[in-house]
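>
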Amino acid sequence: MDKKKKKQRRMIFRTLTLAVLVGLVIFAIIGNLSQDDAVVAEGEQAPNFELEQFGTEGERKSLDDFKGKGVMLNFWATYCKPCEEEMPYMQELYPKYKEKGVEIVGVNLDSTKLVVNRFIDKYELTFTNLHDKNGQVMDQYGISPIPSTFFIDENGEIVDKVIGPLTLEKLEEHLKEIQPEA
Amino acid sequence: MKKIKCECGHVNPEGTVLCEACGKPIEGNQHIDGNKKDSLLNMRYEGSARRSQTYNRNIVDKVWNFFSSVKVGVWLIIITLVASSLGTIFPQEMYIPPGSDPATFYEDQYGLAGKIYYQLGFHNLYSTVWFMLMIALIGVSLVICSIDRVVPLHRALKKQKPKRHHTFLKRQRVFGETNGQADVEAFKTKLRKQRYKVWDEDGHILAEKGRFSRWGPYVNHIGLIIFLLGALLRFLPSMYIDDFVWVREGETAVVPSTDGQYYVKNEDFILENYDPDKDERFQEALMNQNAPVASNYQTNAVIYERTNNDVVGAEPELEEIQKKEIVVNKPAKFDGFALYQSSYQLDEFSAMSFTLHETDDESAVLGEFTVDLTDPEMEYELDSGARVVIDEYFPEYYMDENQPRSKSKFPKNPAFVFYVYPPDGGDPEVSFAGIGMNIDPTNENQYKLSLAGYDTRDVTGLAVKKDYTLPFMAVGGLIFMIGVVQGMYWNHRRIWLQPREDGVWIAGHTNKNWYGLKKDIEKSIDQTGIDIPEDQQQLKG
Numbered sequence: 001m002d003k004k005k006k007k008q009r010r011m012i013f014r015t016l017t018l019a020v021l022v023g024l025v026i027f028a029i030i031g032n033l034s035q036d037d038a039v040v041a042e043g044e045q046a047p048n049f050e051l052e053q054f055g056t057e058g059e060r061k062s063l064d065d066f067k068g069k070g071v072m073l074n075f076w077a078t079y080c081k082p083c084e085e086e087m088p089y090m091q092e093l094y095p096k097y098k099e100k101g102v103e104i105v106g107v108n109l110d111s112t113k114l115v116v117n118r119f120i121d122k123y124e125l126t127f128t129n130l131h132d133k134n135g136q137v138m139d140q141y142g143i144s145p146i147p148s149t150f151f152i153d154e155n156g157e158i159v160d161k162v163i164g165p166l167t168l169e170k171l172e173e174h175l176k177e178i179q180p181e182a
Numbered sequence: 001m002k003k004i005k006c007e008c009g010h011v012n013p014e015g016t017v018l019c020e021a022c023g024k025p026i027e028g029n030q031h032i033d034g035n036k037k038d039s040l041l042n043m044r045y046e047g048s049a050r051r052s053q054t055y056n057r058n059i060v061d062k063v064w065n066f067f068s069s070v071k072v073g074v075w076l077i078i079i080t081l082v083a084s085s086l087g088t089i090f091p092q093e094m095y096i097p098p099g100s101d102p103a104t105f106y107e108d109q110y111g112l113a114g115k116i117y118y119q120l121g122f123h124n125l126y127s128t129v130w131f132m133l134m135i136a137l138i139g140v141s142l143v144i145c146s147i148d149r150v151v152p153l154h155r156a157l158k159k160q161k162p163k164r165h166h167t168f169l170k171r172q173r174v175f176g177e178t179n180g181q182a183d184v185e186a187f188k189t190k191l192r193k194q195r196y197k198v199w200d201e202d203g204h205i206l207a208e209k210g211r212f213s214r215w216g217p218y219v220n221h222i223g224l225i226i227f228l229l230g231a232l233l234r235f236l237p238s239m240y241i242d243d244f245v246w247v248r249e250g251e252t253a254v255v256p257s258t259d260g261q262y263y264v265k266n267e268d269f270i271l272e273n274y275d276p277d278k279d280e281r282f283q284e285a286l287m288n289q290n291a292p293v294a295s296n297y298q299t300n301a302v303i304y305e306r307t308n309n310d311v312v313g314a315e316p317e318l319e320e321i322q323k324k325e326i327v328v329n330k331p332a333k334f335d336g337f338a339l340y341q342s343s344y345q346l347d348e349f350s351a352m353s354f355t356l357h358e359t360d361d362e363s364a365v366l367g368e369f370t371v372d373l374t375d376p377e378m379e380y381e382l383d384s385g386a387r388v389v390i391d392e393y394f395p396e397y398y399m400d401e402n403q404p405r406s407k408s409k410f411p412k413n414p415a416f417v418f419y420v421y422p423p424d425g426g427d428p429e430v431s432f433a434g435i436g437m438n439i440d441p442t443n444e445n446q447y448k449l450s451l452a453g454y455d456t457r458d459v460t461g462l463a464v465k466k467d468y469t470l471p472f473m474a475v476g477g478l479i480f481m482i483g484v485v486q487g488m489y490w491n492h493r494r495i496w497l498q499p500r501e502d503g504v505w506i507a508g509h510t511n512k513n514w515y516g517l518k519k520d521i522e523k524s525i526d527q528t529g530i531d532i533p534e535d536q537q538q539l540k541g
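Just so you know, the protein sequences line up as chains X and S, in that order. Taken in order, the first sequence gives residues 1 to 182; the numbers are from our numbering. Taken in order, the second sequence gives residues 1 to 541; the numbers are from our numbering.
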């Protein structure tokens, strides 16, 4: 009887010790992996923000203003060459998808308005461009290389995240994905 | 589970090598410690039952016994060491040229070996899952090995009896036989004088001191485990943050990793150098240097806390909570965060002034204007009625396939394309002006823009730190050291005396410093009639 009890106690002790150790190991590995991960991942709700819009007299727009529409959120800067290369594609598809309920929102990371305004004029961009002068939204979305693009559906959920430039075909594919159902 | 009953009557757990009570070698278990007949006994862990191979009943026992093996532990350490050294063959990810993609960099630079290196995660070894797993397994091995050894060792030392089996004494390293009368009482008194604890059981004597030293390695391991736990806690952002922020003079930046709660303003960045003429002490050393030697890096900073709780990007309402001159090792501290002076950039351009004059006559000035490089205006109207329009602005100008471009948004090498509208309202002229250059693309310009002056400002680099794991590290490190001292500077010494028909037997054992033990024995047998025991190992050698 005593022997049996002792064996049982040892079993419980060993199981508990191993469980604690395994728990710590899992904690360490998950902790390490999530550090590499972006702050905002696919499948999550896109966090809201508010920034000044280019081409207006200090008017501010927030992501919530586009509720009910699919949103392509593009992080870019004038000094970023691949960003510049994909701009014409975005402008080309914008009018067509705007009618279908998809908005393109550029979040610009430059520091001076002049440079961006000249750029917008040069490429005749008509979609919304917002000024993330202090990089707050960039920080919020955990962006490191640009261009980075988030495709957000009408419910505010992030469907896709693309790091690097998009071709015209790829861009259209992604835009179709977030097109709200009529 | 079979228990082993010794002839002295003590019941030992299975796997025992030497009886816990009397020390008699238990037949059939001598292979465990490699004991051979007639040779000296291996006194490791007192010959107690460690890792019990017989409990291999289920998966928990199997896992437990795997980690309980010191052999496994040593192999884990060897593998980790080899992996660490392999990780130094090619540079780690953080040291490859900035902007290069590690996915292609290693293969391009080092060929197939580089590709394998990258794919196995050697390029970022400390964050690679399998490497972390190895460290974790070492931790697990450490815990289980310690538990499986400290418990039986403690048991064996607690259960030991002064009355020992004769073979136990005979097979100790220090052993001696005395024929004739011995003054046992004097022997005991002398042992006590040397701060030995003495037990007497029917004339059988056990004298022991420094048992506490045997716990040293386990105390040491506890310290190590606390240290590891502290390192684990660094994965929690609430416990540990290590970030960085650049702040330009006059600007207020959000402190990263604080969820936009805190802002820091750089009012002034100061870099001071040692002046050889002023300070004679360092004169000679300073003269030997080609470059000036910095004596102070300082940021005059103001820390603000956001008081409103608006959406990200909205203008924050800030309340000043601290003014601080941040110098090296004297950070600004607030709410668990610390801002350390850690980097700087001098003389970034902040404003440029131009004079517009006739191309042929510099004294015929049409006006002056200043461009604020952080917020340039589209158009500048001059006193004479002339207008200058900025057509393009390149903060960090460079030529890219014959096209002017900017490398970044920071005004490190500003350049402009100006449209100059003459006072009389004619067609504009194009001018391209920057630092140290002024290009007239048509060579027919009537007016010229000359750089009249510029303002610069410094940028300070502040490291953002928060570390609540340090107390764990400190306590763990302290316990680690206590364990080391405990195990190193004290010795566990034991002396046994056994009455025989024609005299006495004496034996001694220590975990280290045999010289000290022999000295102790010599002192305590002085004038007691007991002969000096011999070192059986030395005799054989």
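We put the CB at the ideal spot given by N, CA and C, even for glycine. Note that the coordinates shown come from a computational prediction; the quantities given were computed from them, not determined experimentally.
Ordered along the chain, which non-local residues of its own chain (more than five positions away) have a Cβ less than 8 Å from that of Leu318(S)?
Numbered from 1 along the second sequence, position 318 holds the residue referred to as residue 318(S). The residues are Thr252, Tyr263, Tyr304, Glu305, Arg306, Thr307.
> Does any CB atom of chain X fall closer than 7 Å to the CB of Met132(S)?
Taking the first residue of the second sequence as position 1, residue 132(S) is located at position 132. Output row for Met132(S): interface = yes.
> Of all the CB atoms in chain S, is at least one closer than 7 Å to the CB of Ala19(X)?
Taking the first residue of the first sequence as position 1, residue 19(X) is located at position 19. Taking Cβ atoms only, chain S never reaches closer than 7 Å to Ala19(X), which makes this a no.
> Just curious, the alpha helix (DSSP H) that Ser213(S) is in, first and last residue?
Locating residue 213(S) in the second sequence gives position 213, counting from the first residue. Ser213(S) -> no alpha helix (DSSP H), and no H or E assigned at all.
> Which runs of the alpha helix (DSSP H) fall wholly inside the region 25 to 110 of chain X and span at least 4 residues, in chain order?
You should have 81 to 99.
> Whole angstroms is fine: what's the gap from Thr299(S)'s alpha carbon to Lys333(S)'s?
Numbered from its first residue, the second sequence carries residue 299(S) at position 299. Numbered from its first residue, the second sequence carries residue 333(S) at position 333. Thr299(S) and Lys333(S): Cα-Cα distance of roughly 14 Å.
> Going by beta-carbon coordinates alone, are Gly121(S) and Thr128(S) separated by less than 7 Å?
Sequence index remark: in the second sequence, residue 121(S) carries index 121 (1-based). Sequence index remark: in the second sequence, residue 128(S) carries index 128 (1-based). The answer is yes: Cβ separation under 7 Å.
> Strictly under 7 Å for the Cβ-Cβ distance: is Gly313(S) near chain X by that measure?
Mapped onto the second sequence, residue 313(S) falls at position 313. True, the Cβ-Cβ gap to chain X drops below 7 Å.
> Under the rule that 16 or more other beta-carbon atoms within 10 Å means buried, what is Gly541(S), buried or exposed?
The count along the second sequence starts at 1 and reaches residue 541(S) at position 541. Here Gly541(S) scores only 47 on pLDDT, less than 50, and its place in the model is too uncertain to base an answer on.
> In terms of alpha-carbon separation, which member of Phe472(S), Asn12(S), Lys412(S), Gly503(S) lies closest to Ala156(S)?
Counting from 1 along the second sequence, the entry for residue 156(S) is found at position 156. Comparing Cα-Cα distances from Ala156(S) to each of Phe472(S), Asn12(S), Lys412(S), Gly503(S), the minimum goes to Asn12(S).
> In the DSSP assignment, find the unbroken beta strand (DSSP E) run with Ile270(S) in it and report its ends.
As a working mapping, residue 270(S) is identified with position 270 in the second sequence. Run containing Ile270(S): 262 to 273, per the beta strand (DSSP E) assignment.
> Which partner residues of Ile158(X) appear in the DSSP bridge assignment?
Residue 158(X) sits at position 158 when you count from the first residue of the first sequence. DSSP output for Ile158(X) lists Ile152(X) as bridge partner(s).
> Using three-state DSSP, classify Asp526(S) as helix, strand or coil.
Taking the first residue of the second sequence as 1, we reach residue 526(S) at position 526. Correct three-state label for Asp526(S): coil.
> Listing by chain order, which chain S residues have their CB less than 7 Å from the CB of Ile158(X)?
Within the first sequence, numbered from 1, the residue matching residue 158(X) stands at position 158. Here the premise fails: no neighbours, minimum Cβ distance about 16 Å.
> Look at Leu125(S) and Ala28(X) and say whether their C-beta atoms are less than 7 Å apart.
Position 125 of the second sequence, counting from 1, holds the residue named residue 125(S). Position 28 of the first sequence, counting from 1, holds the residue named residue 28(X). Not in contact: Leu125(S) and Ala28(X) (Cβ atoms no closer than 7 Å).
> Could you check the C-alpha separation between Asn296(S) and Phe269(S) for me, to the nearest Å?
Taking the first residue of the second sequence as position 1, residue 296(S) is located at position 296. Taking the first residue of the second sequence as position 1, residue 269(S) is located at position 269. So the alpha carbons of these two residues sit roughly 10 Å apart.
> Looking at Phe49(X): is its Cβ nearer than 7 Å to the Cβ of Gly313(S)?
Stepping through the first sequence from its first residue, residue 49(X) is reached at position 49. Stepping through the second sequence from its first residue, residue 313(S) is reached at position 313. Yes, Cβ-Cβ distance for Phe49(X) and Gly313(S) is below 7 Å.
> Just to confirm, is the Cβ distance from Gln341(S) to Val459(S) under 7 Å?
Position 341 of the second sequence holds residue 341(S). Position 459 of the second sequence holds residue 459(S). For Gln341(S) and Val459(S), no; Cβs fall outside 7 Å.
> Name the residues in the region 70 to 83 of chain X whose C-beta lies less than 9 Å from a C-beta of chain S; which are they?
Here the close residues are Ala77, Thr78, Tyr79, Lys81.
> Any idea what DSSP makes of Met399(S), helix, strand or coil?
The sequence position of residue 399(S) within the second sequence is 399, counting from 1. Three-state DSSP puts Met399(S) in a strand.
> Whose Cβ in chain X lies nearer than 7 Å to the Cβ of Ala253(S)?
Counted from its first residue, the second sequence places residue 253(S) at position 253. Asn134, listed in chain order.
> What residue does the beta strand (DSSP E) around Ala332(S) start on, and which one ends it?
On the second sequence, residue 332(S) is found 332 positions in, with the first residue counted as 1. Unbroken beta strand (DSSP E) run through Ala332(S): 332 to 334.
> State the start and end residues of the unbroken beta strand (DSSP E) segment that holds Met437(S).
The residue given as residue 437(S) occupies position 437 in the second sequence. Element bounds for Met437(S): 437 to 439.
> Tell me which residues of the region 380 to 405 of chain S have at least one Cβ-Cβ distance to chain X shorter than 9 Å, keeping chain order.
The region 380 to 405 of chain S vs chain X, Cβ under 9 Å: Ile390, Asp391, Glu392, Tyr393, Phe394, Pro395, Glu396, Asp400, Arg405.
> For Ile146(X) and Glu84(X), I'd like the C-alpha separation in whole angstroms.
Stepping through the first sequence from its first residue, residue 146(X) is reached at position 146. Stepping through the first sequence from its first residue, residue 84(X) is reached at position 84. Distance between the alpha carbons of Ile146(X) and Glu84(X): 11 Å.
> Would you kindly work out how many angstroms separate the C-alpha atoms of Glu177(X) and Ala452(S), rounded to a whole number?
On the first sequence, residue 177(X) is found 177 positions in, with the first residue counted as 1. On the second sequence, residue 452(S) is found 452 positions in, with the first residue counted as 1. Their backbone Cα atoms lie some 55 Å apart in a straight line.
> Could you name the residues of the region 206 to 232 of chain S whose beta carbon sits closer than 7 Å to any beta carbon of chain B, in the order they occur along the chain?
Given the protein chain composition of this structure (X and S), no chain B is represented.
> Spell out whether any CB of chain S is found under 7 Å from the CB atom of Leu16(X).
For the purposes of this step, residue 16(X) is taken as the residue at position 16 of the first sequence. No, no contact with chain S.
> Please report whether the beta-carbon of Ala433(S) lies at a distance below 7 Å from any beta-carbon of chain X.
What you label residue 433(S) is simply residue 433 of the second sequence in a count that begins at 1. So, not an interface residue.
> Thinking C-beta only, is Ala19(X) closer than 7 Å to Ile152(X)?
Stepping through the first sequence from its first residue, residue 152(X) is reached at position 152. Stepping through the first sequence from its first residue, residue 19(X) is reached at position 19. It is not a contact, given that the beta carbons lie outside the stated cut-off.
> DSSP state of Trp64(S), grouped into three classes?
Here residue 64(S) refers to the residue found at position 64 of the second sequence. Helix.
> Using a Cβ distance threshold of 8 Å, determine whether the region 163 to 177 of chain S contacts the region 87 to 96 of chain S, with at least three qualifying pairs required.
Verdict: no, contact absent.
> Counting Cβ pairs closer than 8 Å, one from the region 175 to 188 of chain S and one from the region 66 to 86 of chain S, do we hit at least three?
These segments do not touch.
> Could you tell me the boundaries of the beta strand (DSSP E) in which Lys44(S) lies?
As a first step, residue 44(S) must be located in the second sequence, where it is residue number 44. Sequence inspection shows Arg at residue 44(S); the Lys mentioned does not correspond to that position. Careful: Arg44(S) lies outside any beta strand (DSSP E) and carries neither H nor E.
> My guess is that Ser406(S) and Phe418(S) are in contact by the Cβ rule of under 8 Å, so how many angstroms apart are they, rounded?
Residue mapping note: residue 406(S) aligns to position 406 of the second sequence, counting from 1. Residue mapping note: residue 418(S) aligns to position 418 of the second sequence, counting from 1. Between Phe418(S) and Ser406(S) the Cβ distance is about 16 Å, and since that is not below 8 Å, they are no contact.
> So, does the CB of Phe49(X) fall closer than 7 Å to a CB anywhere in chain S?
Locating residue 49(X) in the first sequence gives position 49, counting from the first residue. At least one chain S Cβ lies under 7 Å of Phe49(X).
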